[in-house]
Every structure is written in C-alpha cells, then in structure tokens.
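Encoded as structure tokens, the structure appears first; notes follow it.
There are 2 protein chains.
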Amino acid sequence: MKDITILGSGNVAHHLIRYVQNSHSLNLQQIYARSPEKIILSGLDVSKIITDLNQLQEADLYIIAVSDDAIGELSDRLPFENRLVVHTSGTAPIEVLNAKNRRGVFYPLQTFSKNKEVDFKTIPMCLEADTDDDFETIKYIAEQFSDHVYQISSVQRKSIHISAVFVNNFVNHMYVLGNKICDEHNIPFQILQPLIKETADKIVSVKPIDAQTGPAVRKDSKTIEKHLAFLDGNIDLKNLYLTLTESIQNYNV
Amino acid sequence: MKDITILGSGNVAHHLIRYVQNSHSLNLQQIYARSPEKIILSGLDVSKIITDLNQLQEADLYIIAVSDDAIGELSDRLPFENRLVVHTSGTAPIEVLNAKNRRGVFYPLQTFSKNKEVDFKTIPMCLEADTDDDFETIKYIAEQFSDHVYQISSVQRKSIHISAVFVNNFVNHMYVLGNKICDEHNIPFQILQPLIKETADKIVSVKPIDAQTGPAVRKDSKTIEKHLAFLDGNIDLKNLYLTLTESIQNYNV
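Chain order of the listed sequences is E and L. Following the UniProt record's numbering, the numbering of the first sequence begins with 1 at its first residue and continues without gaps. Following the UniProt record's numbering, the numbering of the second sequence begins with 1 at its first residue and continues without gaps.
Right under this line is the structure:
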C-alpha cells in the first residue's frame, strides 16, 4: 500500500484525489490546498486536508497538480528533502522541480473537467524520473491508475503536448467552424455528430494518412472551387479552407 | 411493403443494397449495375441484378447511387416517366435529375467504406423532393433506414457538405499532423487516441465553442511561443499552427 499526498485543488488534482480515495492499493495520505473549500468530494475525510506545508507527513509520493507557473515555487517551499516529488504538467520540464527532492513527472494525457467523470484505466500516463529506482516506484503507482503507462522524456512530452494541440484544440476549432456554417443555414449541428464520431473512431484501425478522404486529397478542383465560391462571403473561412486544402495536398503525396 | 430499386455498385450502393436486402419493411426489387461483378453480397438473389436499363420493372423508388458526374446522364437514360427517382449525393442539386420523372434526394450523411459495416439507424438522412406527396413517400422509406430523418434543401445540403469537409477531412488532417509530430519523436500515435475520442465525445453534451481549451483560447502567449519555437524546423507546420491559433482567437471572442 503506497501513501500518496496530492498538492493542488484544480481539475487534475480533483480527479486524482477522487481516484486515490477509492483505490484499494493506494492510500490517500494528505491533500494540500490553499483553497480547501474548492475540494468537494463526497465521502472525503476532511481531516486529511491541510493548508500549511509544515503539516505534511511522510509519503511515498507527493503529486504536485497545480498550474505550470506555480510548480517551481511550490516545490521550493516543501519543508523536506530527498523525498519523491512529481508534477503532472504536459509542458513543464522535470527540472522546474527543486532538486533538493527526488524528481519525477506523472502526466495523465487527457482533458479534465471537474463535472465530467474520467476513466483513468484508459488514460495514457506519461512518466519520467531522475533515477531508475524512482521510475519503478512511479510506474508501479501509475499502473494502479491506468493500463497504459509510458516512459516519456521531457522533450517527448513537449512534442506530445503540441500534437495534442493539433488533435484536440485545432480539431475542436474545426467543430466550431462546422457549427457556424450549420447555424448560418439553419441546420442542427447534431446532424454532423455521427460523422464526427466515425472520423475519430476510424483511426483506431486505419492510419490517419490512409483515412484521408474528400475533395482536397482527390484533387477534385471542381468541388473545391464550388466550396470556395460558397464561402465567398466569409473571407476568413475561405482562406482557412484554402490553407487546409493546400496542406492536405502537400502532406498526402 | 415498398419496392426499392438501386442503381449503382459503389460504396453507397453497396450499403443500401445490403440494408434493403435484410429489411422486413422494404423489398429489394432490382439492382442495376454496369459492373455487376462488383456487387458481392452473401445471400443476394443474383437474378435481381440487371445490366440493361430496359429491364427495369415498376418500383416505388429508384435510388441512383453513382458518382456526382454520372447522375444526370443515367437519369436521362431511364426508359420511363413520372416515377419517383432520387440521387444520394451531398453536393449535386436536385435539378441534375431529368425532370421527366418525379425527383428527390436521399443523402445519407456518413463516410462509407465497403469493408466497414455501418449502422443506418444512427445515420442522418437528408431528404428533398419536388412535391409534398413525394416527400412523404421518401420520408417513410428513409424512416425504415434511420431514426434521424431531416428535410434539407439543396442549398442547405451544400452547406452541410462543406461543414463535413471541416469536421471530417480537415479534422483527419489534424490527426495526420499530430501523427507526424509523434513519429518524429518516437512516440506511438495511439497515445493520443483517448484524447481524440474524448474531444469528439465532448461535443455531444457541450457546444464546440464552449469546449475550446488550450493555449490559443486562453491567450497563453508564453506556451504559444514555446510551441512555435519547437516547430521551427518545419515552416509549414509552424505557419499552420499560427494560422489556426489566430483563427481560434478570432472566433472565440
């Protein structure tokens, strides 16, 4: 049974606390939060919540789940040395943690919202540590969360985070634009949801490059011209259509 | 029991034939195909396949499921008048069909591959007809396929098709780019699949504009600068990152 202490009260902290609280192989030792009123979890033993770092007890792992900018300072203020301390950021390098403790990264690759349950078993855990021994400890703990555990360097993690911008932020923006076009023509956006689902499902079995369809990849200039003419009233949308069409044609050769 | 005749042997024809063949409320009357050898469906009564338009019998609905360019000519060559004839295209207007017959559109909004089963019940059917009576007939038949039946004009259908380019073609291209970044850093692309799935699932319950997250929408210029520096070696990818970041900032105000 590993003792886990979680520092933070944001979205990631919230889901980590809930998971460890219900785990049979991990013990939720303490929660440090500057704003304890933010931590609303049924069945939680509130005596575990502390607001003073000096009250921190011994634990096998301290998980710092705060915003990127706050990680370094919080790790500086920890009143102990040579214990295992990790952060949960997709972008911050392992070195932002103060080297007086043994350092690691425990990055769950998913978007978290407080009011939406997550299934940790399916979430890729991207792990890093300064030493092999500490990596094994972090790995054991991560395996209590998820079936998908990866050793990922700080540089790799940064590239994952940029990929995530493409497949999450930019993809969602495509949904925003599709929704806008639908709204302008009084079409309920949910009409596109089965297509959106199938598009995401398809690449589980087909490489994205092989799943590419549509006028751009088949160089159907007649349809592309018709679409551009249709978008004539919205110069931003038209330019974006053209830019993305050219990008598809450059990458799928 | 409505008699349905299907003309064509491509992906859409293939799935329509299979569905009608197994339907209890629709009768597969005939299949017209120039290349009947393309139609490989177990249990199909091959005597129903004809290669000569003059063999076409009376039917309640003739579904022309051929490429956009071929619809007009095939409808010209039909050896009868005043019967109900529809096409299945997302882009072609209803008028490409020869007006000697009663015209309509029967557009299933989904991507079809021959070797991947589809569940018609979930596919939005976009319908159009010249008259109310014919619309009711097409609607009844479409309801035997799907729980999601919509009356959609030719102009609306065109805008749906353009939205579909954004939420399918362009989204898949984002997957291609994410995959490329992963490959360059020896990261298995499947690490992003839970995030891709969650991104698509989220907009079932949240409007895309409200689901937008990431450095662009929160105007986190420090992270954006870091990402652009990381992409410095690939000018195309860097420009696209910048263009899409600006587009998010323009639309989410």
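Where is the CB? At the ideal position from N, CA and C, for every residue including glycine.
For T5/L, the beta-bridge partners assigned by DSSP are Q30/L and Y62/L. DSSP, read as helix, strand or coil, puts L84/L in strand. The beta carbon of N82/E sits no closer than 8 Å to any beta carbon of chain L.
Bounds of the beta strand (DSSP E) holding F106/E are R102 to P108.
With a 10 Å radius around the Cβ and a threshold of 16 neighbouring Cβ atoms, S67/L comes out exposed.
Around the C-beta of Q29/E, 16 or more other C-beta atoms lie within 10 Å, and the residue is accordingly described as buried. Near chain E, meaning a CB-to-CB distance below 9 Å, the residues of the segment 186–199 of chain L are N186, I187, P188, F189, Q190, I191, L192, Q193, P194, L195, I196, K197, E198 and T199. E117/E sits in coil when the DSSP states are folded into three classes, being neither helix nor strand.
In terms of Cβ geometry, D232/L and K238/L form a close pair [threshold 8 Å]. In terms of Cβ geometry, F106/E and V85/E do not form a close pair [threshold 8 Å].
In the three-state DSSP reduction, L74/L falls in the helix class (H, G or I). With respect to Y19/E, F120/E sits close: the two C-beta atoms are nearer than 8 Å. When K100/E, D133/E and I187/E are compared, the shortest CA-CA separation from P124/L is found for I187/E. Counting along the chain, the unbroken beta strand (DSSP E) around Q151/E starts and ends at V149 to Q151. At least one CB of chain L lies nearer than 8 Å to the CB of G178/E. Taken in chain order, the unbroken stretches of alpha helix (DSSP H) that lie wholly in the segment 177–240 of chain E and span 4 residues or more are 193–202, 208–211 and 221–230.
As the crow flies, the alpha-carbon of Y140/L is around 51 Å from that of N22/E.
Interface flag for P79/E against chain L is unset, since no Cβ pair is found closer than 8 Å. Not one beta carbon of chain E lies nearer than 8 Å to the beta carbon of V46/L. According to the DSSP assignment, L127/E belongs to the beta strand (DSSP E) that extends over M125 to A129. In this structure, T88/E sits away from V155/E, with a CB-CB distance that is not shorter than 8 Å. Shown here, I141/E sits in a helix according to DSSP, grouped into three states. When the beta-carbon positions are compared, K202/L and A211/L come within less than 8 Å of each other. By the rule that beta-carbons nearer than 8 Å mark a contact, Q212/L touches chain E. When the five nearest sequence neighbours on each side are left out, the beta carbons in the same chain lying within less than 6 Å of the beta carbon of G72/E are those of V96, in order along the chain. Interface criterion met: the Cβ of V167/L is under 8 Å from a Cβ in chain E.
The alpha-carbon of T245/L is positioned some 11 Å away from that of D220/L.
Between T5/E and L44/E, the CB-CB gap reaches or exceeds 8 Å.
By the criterion of a C-beta distance shorter than 8 Å, R77/E is surrounded in its chain by L53, once the five residues flanking it on both sides are discounted. Around N98/L, the same chain offers S75 and D76 as residues with beta carbons nearer than 6 Å, after the five sequence neighbours per side are excluded. Here I162/L carries a helix assignment [DSSP, helix/strand/coil]. Taking 7 Å as the upper bound on Cβ-Cβ separation, chain L lies near no residue of the segment 26–39 of chain E. Chain L places a beta carbon closer than 8 Å to that of L231/E, counting this residue as a contact. Here I39/E carries a coil assignment [DSSP, helix/strand/coil].
Q151/L and E117/L have their alpha carbons spaced roughly 25 Å apart.
Chain-ordered, the chain E residues with CB closer than 7 Å to the CB of Y175/L read V167, I203 and P208.
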